[in-house]
Amino acid sequence: MVDEIAPAPKSAALSRETASWLLFVLGAAALLTFPLFGAGEFTITLLTEGLILGIWAMSLDLLVGFTGLVTFGHAAGFGLGAYAAGYFAQHVSSEFLLVLAVSETVVASVALVAGFVVSRISGVAFAIVTLAISQVLLQIGVAWLSVTGGMDGLIGVPLPKLFGVTVESGKSLYLMVAVILVLVYLALLRLTNSPFGRTLQAIRLSEQRAAAIGINVHLHKWLVFVISWLVAGIAGTLLVFMKAGTTPMVFNWYESGYVLAVTIFGGLGTLLGPMIGAIVVTFLHDQVISLFTAWQFVFGLAFVLAVIFFPTGLAGVAIRIWSRWWNTRS
Amino acid sequence: MDWNFLFVIALNGVIYGSFLLLPTLGLSLVFGLARIVNFAHGQLYALGAYLAASLMRTIGAFWPAVIVAALFMVLFAVAVERVTIAPIRNRSDIYTLLVTFGLGLMIVGGIEQYWGTAAVLVPTPVALQDTVTILGNEYPAYRLVAAALSLTVAAAVFAVVQWTPVGLRIRAVADDVEMAGAIGINTRWLMTVVFGAAAGLAALAGGLGSPIFTVNLGMGSSILLDSFLAVILGGLGNLPGSAIGAFIVALAKNIGGGYLSDWSIAVIFGAVGLMLIVRPRGVLGRGRVA
Chain A
1130 MVDEIAPAPK SAALSRETAS WLLFVLGAAA LLTFPLFGAG EFTITLLTEG LILGIWAMSL
1190 DLLVGFTGLV TFGHAAGFGL GAYAAGYFAQ HVSSEFLLVL AVSETVVASV ALVAGFVVSR
1250 ISGVAFAIVT LAISQVLLQI GVAWLSVTGG MDGLIGVPLP KLFGVTVESG KSLYLMVAVI
1310 LVLVYLALLR LTNSPFGRTL QAIRLSEQRA AAIGINVHLH KWLVFVISWL VAGIAGTLLV
1370 FMKAGTTPMV FNWYESGYVL AVTIFGGLGT LLGPMIGAIV VTFLHDQVIS LFTAWQFVFG
1430 LAFVLAVIFF PTGLAGVAIR IWSRWWNTRS
Chain B
520 MDWNFLFVIA LNGVIYGSFL LLPTLGLSLV FGLARIVNFA HGQLYALGAY LAASLMRTIG
580 AFWPAVIVAA LFMVLFAVAV ERVTIAPIRN RSDIYTLLVT FGLGLMIVGG IEQYWGTAAV
640 LVPTPVALQD TVTILGNEYP AYRLVAAALS LTVAAAVFAV VQWTPVGLRI RAVADDVEMA
700 GAIGINTRWL MTVVFGAAAG LAALAGGLGS PIFTVNLGMG SSILLDSFLA VILGGLGNLP
760 GSAIGAFIVA LAKNIGGGYL SDWSIAVIFG AVGLMLIVRP RGVLGRGRVA
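Here the protein sequences come in this chain order: A and B. When we follow my numbering, the leftmost residue of the first sequence carries the number 1130, and every step to the right adds one. When we follow my numbering, the leftmost residue of the second sequence carries the number 520, and every step to the right adds one.
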């Protein structure tokens, strides 16, 4: 109650912190209640796909935006999650939490090994070695017929169950994805604002200086790599349920490039940017592809222009407008 | 063991290696000079092949079509470099890498829009449609001729880099950009020129290879990955190493593919990934650490 009679901050009616929390609550509420407002089946499916891409992009933001490790192999954790979840759901149980636990265990075990190796390198070498890892997984997906189904991939993955109740595709699945997205966002927000997150940013600014002040760079890169893959694995798990299957092409380096482009387009190091970027790109994709067949051309052009003229992405542009508006008001 | 089978797949490997050599040298030159990892390189190769295929149909001649397509790609790449890569030179290397990725998307999207998704078949030049007999195996003559041409061009690239004034400048810039600039080398233009030349080499390989390998949408991405592997094996920016790398990749891919089928590429990628970590300067130990 004290808050109410306390004098308002000097210039603005709301403090910046309160304003951003208010925005977050509004955004989350809008996200969760969206299907109630008579959105069509197609829009909901599209949005579900956008949100899954959003989770994936946020996981990449942790690696690229916060730690400065650009990768062209981020499809690896995503695809691994999709395959592990799909296989388990087909052969054992489609109880979502159980599936998630299993797929995350698989992702974690591969990420621990891969991360141990790649945490020794950075820059261009990191981008290419992670690409190679993802291609290895692609080829295993093609070659290991008895488990992965070869080029056809996993087909006919059942819908997930939540405590025994099947989550129907459409609104129910959308809600599940939206809730997970909000949880992932909050967790990553917490993580990036923790001492661990600050350490990652120190590593991004300069590995040598970070090492010089006593940070174990190798260990931190290893950890963030594993965490990033785990979050990507969640997105992959959701995708395999949404699409009822997956093919080895989920590991294609173009997929990795796509999610990287989406993340940069949204705004590196902001979490919210890549998430919104993912939704925007998903809808743009739908619009553009109905006009041209050459979606890749339009997307590539937008990406080139974004990197040259707006390297801070959507978030950067939004922050610029926001702070200008804020400053004129105060 | 069937030695004859091994011989034929090894020969196929050598032929593929001769083609892979040209894009690989281009990739390596551009990296050595400008620290650009050119993700659009594979698509420049693909565009060269598509252009050559279309020109062949229009003018009805094979060799002029291949050469004109390659020359056009030089101009195209020079323009692209000036407009998109030169303006962001002073930013971190990773930005150029991202821009080239976007350019690659644009090219492959453009190809899809213009030529469609179906593979384009290119007939072998009439004079070279025969086969020759090597150790009892019938082998298409065109493959041998095209591979020999490709090797000749690669040798010419080495000669230019080693013995001409331009080559001297290229080596100087690769060694130390700032120092090279200080002694009066126009580094910006040199980078543009090398970028264009690399695209021309890739496009030439695309055109020469078009009757052997199908011209399709996936060709750019596939050759890019192989060139990456070759360049990494050879040590980034090291030309002789890259050449060796190209043949290692091509032989491993063909021989491995003959015995291990789908598993072979997984093994190669795994080996190269490890290579980059345990021996980051490449097989000759003279490349740059990325």
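Beta carbons: idealized from backbone N, C-alpha and C, even for Gly.
Span of the alpha helix (DSSP H), counted from its first residue to its last, around residue i
i: residue 600 of chain B; result: No alpha helix (DSSP H) holds residue 600 of chain B; DSSP gives it neither H nor E.
i: residue 618 of chain B; result: 612-634
i: residue 723 of chain B; result: 706-728
i: residue 1339 of chain A; result: 1336-1341
i: residue 1412 of chain A; result: 1401-1420
i: residue 1433 of chain A; result: 1424-1438
i: residue 1263 of chain A; result: 1252-1272
i: residue 1441 of chain A; result: No alpha helix (DSSP H) contains residue 1441 of chain A, which DSSP labels as neither H nor E.
i: residue 1220 of chain A; result: 1204-1220
i: residue 1171 of chain A; result: 1170-1190
i: residue 1244 of chain A; result: 1225-1247
i: residue 689 of chain B; result: 684-694
Proximity of residue i and residue j at Cβ, strictly below 7 Å
i: residue 1386 of chain A; j: residue 1443 of chain A; result: no
i: residue 644 of chain B; j: residue 732 of chain B; result: no
i: residue 1391 of chain A; j: residue 1186 of chain A; result: yes
i: residue 532 of chain B; j: residue 770 of chain B; result: yes
i: residue 543 of chain B; j: residue 746 of chain B; result: yes
i: residue 792 of chain B; j: residue 1258 of chain A; result: yes
i: residue 1261 of chain A; j: residue 1232 of chain A; result: no
For residue i, the nearest candidate out of the options (CA to CA)
i: residue 559 of chain B; options: B/617, B/764, B/669, B/577; result: B/617
i: residue 1203 of chain A; options: A/1159, A/1382, A/1223; result: A/1382
i: residue 1369 of chain A; options: A/1413, A/1268, A/1282, A/1349; result: A/1282
i: residue 634 of chain B; options: B/734, B/525, B/773; result: B/734
i: residue 1394 of chain A; options: A/1437, A/1216, A/1163, A/1333; result: A/1437
i: residue 602 of chain B; options: A/1434, A/1454, A/1227; result: A/1434
i: residue 1362 of chain A; options: A/1206, A/1163, A/1160, A/1193; result: A/1206
i: residue 529 of chain B; options: B/781, B/772, B/609; result: B/772
i: residue 757 of chain B; options: B/788, B/547, B/536, B/593; result: B/547
i: residue 1344 of chain A; options: A/1354, A/1330, A/1355; result: A/1330
i: residue 728 of chain B; options: B/693, B/763, B/665, B/708; result: B/665
i: residue 739 of chain B; options: B/752, B/722, B/649, B/730; result: B/722
i: residue 812 of chain B; options: B/577, B/661, B/659, B/553; result: The requested residue 812 of chain B is not part of the displayed model; chain B covers only 520 to 809.
Where residue i falls: helix, strand or coil (DSSP)
i: residue 1463 of chain A; result: For residue 1463 of chain A there is no data in the structure shown, the boundaries of chain A being 1130 and 1459.
i: residue 776 of chain B; result: helix
i: residue 1374 of chain A; result: strand
i: residue 653 of chain B; result: strand
i: residue 1284 of chain A; result: strand
i: residue 1297 of chain A; result: coil
i: residue 640 of chain B; result: coil
i: residue 556 of chain B; result: coil
i: residue 1198 of chain A; result: coil
i: residue 1291 of chain A; result: strand
i: residue 734 of chain B; result: strand
i: residue 1359 of chain A; result: helix
i: residue 525 of chain B; result: helix
i: residue 1397 of chain A; result: coil
Residue-chain proximity (residue i, chain A), Cβ-Cβ < 7 Å
i: residue 587 of chain B; result: no
i: residue 809 of chain B; result: Residue placement at residue 809 of chain B cannot be trusted, given a pLDDT of 49 that sits under 50; the coordinates are not used to answer.
i: residue 569 of chain B; result: no
i: residue 775 of chain B; result: no
i: residue 657 of chain B; result: no
i: residue 613 of chain B; result: yes
i: residue 785 of chain B; result: yes
i: residue 603 of chain B; result: yes
i: residue 553 of chain B; result: no
i: residue 632 of chain B; result: yes
Residue range of the beta strand (DSSP E) that includes residue i
i: residue 656 of chain B; result: 656-659
Proximity test, Cβ basis, 7 Å: residue i and chain B
i: residue 1416 of chain A; result: no
i: residue 1337 of chain A; result: no
i: residue 1133 of chain A; result: Because residue 1133 of chain A carries a pLDDT of 43, less than 50, the predicted location of this residue cannot be relied on, and no value is offered for it.
i: residue 1278 of chain A; result: no
i: residue 1246 of chain A; result: yes
i: residue 1423 of chain A; result: yes
i: residue 1299 of chain A; result: no
i: residue 1437 of chain A; result: yes
i: residue 1214 of chain A; result: no
i: residue 1330 of chain A; result: no
i: residue 1195 of chain A; result: no
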